[in-house]
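**Q** Below is a structure I'd like to ask you about.
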Amino acid sequence: MPENRDNLARCDLDDALHQRAADDNGAVFVDFDHTIFSCNSTELFIASCKPSLLVAIIDFLVRQCIPWRLTGLPRWFRLRDYACVLLIVLLMPWNLWLWKRRAPALFARHESLPVRRSLSRLDPQRMVIVTFGLDFVVRGLLRGSHWERTRLVATPMLPRPGHFARGKLDLLGELFGREAVAASTSISDSLDDRDLLAASRNGILIEPQGAEFRAAEHLYIPLRYTARAKYTTSYLVDQIFLVDIALLMLATAQSGLQVAEALLYIPLLVLSAMCVYEMGYFENDMVAARRELKPTLTAEVKRFIAYPIYPGAWIWAIALGMAGMGVAYWRGELDVHSVPAAIGFWIGALIVLRAVFFAYNQRRTDARLVMYPMLHFMKYCPIFVLVHPTPMGVVLALSQVATMWVVYMTYRLGGNQKAIPKEVFRTGLWAIGMGFLGTAGLFGSRENMVILALMGTWCAARISKPMLLQWARRNDLRSALKSALSP
């Protein structure tokens, strides 16, 4: 039976063509992505381009960092995808040739055979493929196929102004005339084509062909897996940027000015270490979780099975680490006698971190309790070797490691780890440590008092986090920000 979607009935294509369109003489407008082609042609092109490292950066900057919704276009995502493809082609034009070679095989792999069989009963002269995908991308896929000679209406490399603000109804009305569209049959899987489906004599909404495909899940960017599969973006921002990076900035600074300067290199070093950490997350989910009776996996994990985390994470880890050390050296904050020695140490530390996480993942869950604090120790200690911490910073880092260990032990031993007020617990440990350091007379200088005040302010801000979140939820700030800034 048809299933209603937004007041449009989703139909079986064979039945719909037999009942409504087989004996018509009107044009048949057929969508491409997830209709004829059981994938997204634009996403597949982006994921296929080389070198993947540069493509991943372009894809991330253009499609994730720019708030395209602010353009006001109802179909802003079309402009976003076009801009990404255009930039890739301009910077890496060899991908046009590579795509021409690869595309026919990709189409053979992803062509929807059920749709092809259903449409084979119609006169080929009536068929028109209509898509907002890029013309050269779709033509490359159709080359040598059953559809090669079918008329194609797609987005050219240099579209007219206003092209992305239009729907298919306006586009086809201009090309074929409103009367021809009204007498036509239109076939699509997408509600984005509701205007055309409603205006056609026979509007046929079918089940999307093939699974959803995202280029981002085939291009490595640091912490993408962590944010989308292991945890969430909000967790990543909170724990990596507002805890780990902020903690290390405070721990290594000896004055208020150095806290600001640390913002130039500490994030780079932390992200470098987190790339290796992310390999451990990926390994834990894909391999070690098979040993767990109740693995804590998100629904997104299976979408990243083909994620190229190796060697992408290593390349980023080394590059970010070298950038961080370079900036620290430039600012005179590198406490290793030479840059080559610092680079050698950092690469060695990353290898040790990877080995520790690998060993952790190979152990039974009940045997991981002892190794868990070592993972957090390895997150901070290598940075402390490069940029020496203050005694207050060591206590703050130790308080964080101890807090995370207590939370993890509670979780593994069957307790409710969410009931632990970890912000209060960490602050309490830090305050006790400060009390002991005070007996050593470390708070006599003005600089130390400034750092102490900054650490105290940070701890107080962390403790107030639940109240801030409650206020934000009450005012629905998350939905408002997501709607305004989502790319």
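The working numbering applies: residue 119 is where the sequence shown begins, and numbers increase by one. Note that beta-carbon positions come from the ideal geometry of N, C-alpha and C, so glycine has one too.
1. For the putative contact between V148 and L237, defined by C-beta atoms under 8 angstroms, what is the C-beta separation to the nearest angstrom?
2. Cβ of I305 within 9 angstroms of Cβ of V180?
3. Name the residue from Q480, T153 and M404 whose alpha carbon lies nearest to the alpha carbon of A424.
4. Only counting runs of 4 or more residues, tell me where the alpha helix (DSSP H) segments fall wholly within the stretch 469–527, in order along the chain.
5. Please classify P539 as buried or exposed, where buried requires at least 16 other C-beta atoms within 10 Å of its C-beta.
6. Alpha carbons only, please: which of I154, D307, T528 and V248 is nearest the one belonging to R234?
7. Find the nearest neighbour of T189 within the set H264, V207, F282 and S170, judged by alpha-carbon distance.
8. Thinking just about the alpha-carbon of each residue, which of E330, R342, R332 and L290 is nearest to the one in S318?
9. Give every residue of the same chain whose Cβ lies closer than 6 angstroms to the Cβ of D307, excluding the five residues on either side of it in the sequence, and list them in chain order.
10. Under three-state DSSP, which class holds T268?
11. If you reduce the DSSP assignment to three classes, tell me which class L603 lands in.
12. Please return the same chain residues whose Cβ sits closer than 7 angstroms to the Cβ of P509, not counting the five positions on each side in sequence.
13. Let me make sure I understand the geometry here. Which of S582, V271, T521 and M367 has the alpha-carbon closest to that of I569?
14. Within 10 angstroms of its Cβ, does F250 collect 16 or more other Cβ (buried), or is it exposed?
15. Would Q588 be called buried (16 or more neighbouring beta carbons within 10 Å of its own) or exposed?
16. Using 8 angstroms as the threshold, is the stretch 346–357 in touch with the stretch 373–385, meaning 3 or more CB pairs across them?
17. What span of residues does the beta strand (DSSP E) with L252 cover, start to end?
18. If you check the beta carbons only, do L471 and L504 fall under 9 angstroms apart?
19. Measuring CB atoms only, is the stretch 489–502 touching the stretch 515–528, in the sense that at least three cross pairs come out at less than 8 angstroms?
20. Leaving out five residues on either side along the sequence, give the residues of the same chain with a beta carbon under 7 angstroms from the beta carbon of V513.
21. Pull up the CB-CB distance for L337 and A165, whole angstroms please, since I reckon it's below 8 angstroms.
22. Check whether the stretch 434–441 touches the stretch 381–401, taking contact to mean three or more Cβ pairs, one atom from each stretch, closer than 8 angstroms.
23. Suppose you measure from the CA of L586 to the CA of W523; what does that come to, to the nearest Å?
24. Quick one: measure Cβ to Cβ for F225 and L252, integer angstroms, because I've assumed they're closer than 8 angstroms.
25. Between which two residues does the alpha helix (DSSP H) containing D149 stretch?
26. Between M275 and L205, what straight-line distance do the alpha-carbon atoms span, to the nearest angstrom?
27. Ordered along the chain, which non-local residues of its own chain (more than five positions away) have a Cβ less than 6 angstroms from that of I669?
28. Going along the chain, which unbroken runs of the alpha helix (DSSP H) with 4 or more residues stay wholly within the stretch 543–597?
**A** This is what the structure gives:
1. With 8 angstroms as the limit, V148 and L237 qualify as a contact, their Cβ atoms being about 7 angstroms apart.
2. no
3. Of Q480, T153 and M404, the smallest CA-CA separation from A424 is found for M404.
4. 490–504
5. Counting Cβ neighbours within 10 Å, P539 comes out exposed, since fewer than 16 surround it.
6. I154
7. Nearest Cα to T189 within the set H264, V207, F282 and S170: F282.
8. Per the Cα distances, L290.
9. A distance below 6 angstroms between beta-carbons, with the five flanking residues on each side excluded, links D307 to the following residues of its chain, in chain order: H152, T153, I324 and P326.
10. coil
11. Model confidence at L603 stands at a pLDDT of 48, short of 50, so the residue's coordinates are unreliable; what they give is reported in the following sentence. Correct three-state label for L603: helix.
12. Contacts found: L555 and L560.
13. When S582, V271, T521 and M367 are compared, the shortest CA-CA separation from I569 is found for M367.
14. buried
15. exposed
16. no
17. M245 to L252
18. no
19. Touching, per the Cβ criterion.
20. W548, G551, M552 and L555
21. 6 angstroms
22. yes
23. 25 angstroms
24. Their Cβ separation, rounded to whole angstroms, is 15 angstroms, which puts F225 and L252 out of contact at 8 angstroms.
25. Element bounds for D149: not the alpha helix (DSSP H) but the beta strand (DSSP E), V146 to D149.
26. 11 angstroms
27. Nothing can be reported for residue 669, as the shown portion of the chain is limited to 119 through 605.
28. 564–581 and 583–592
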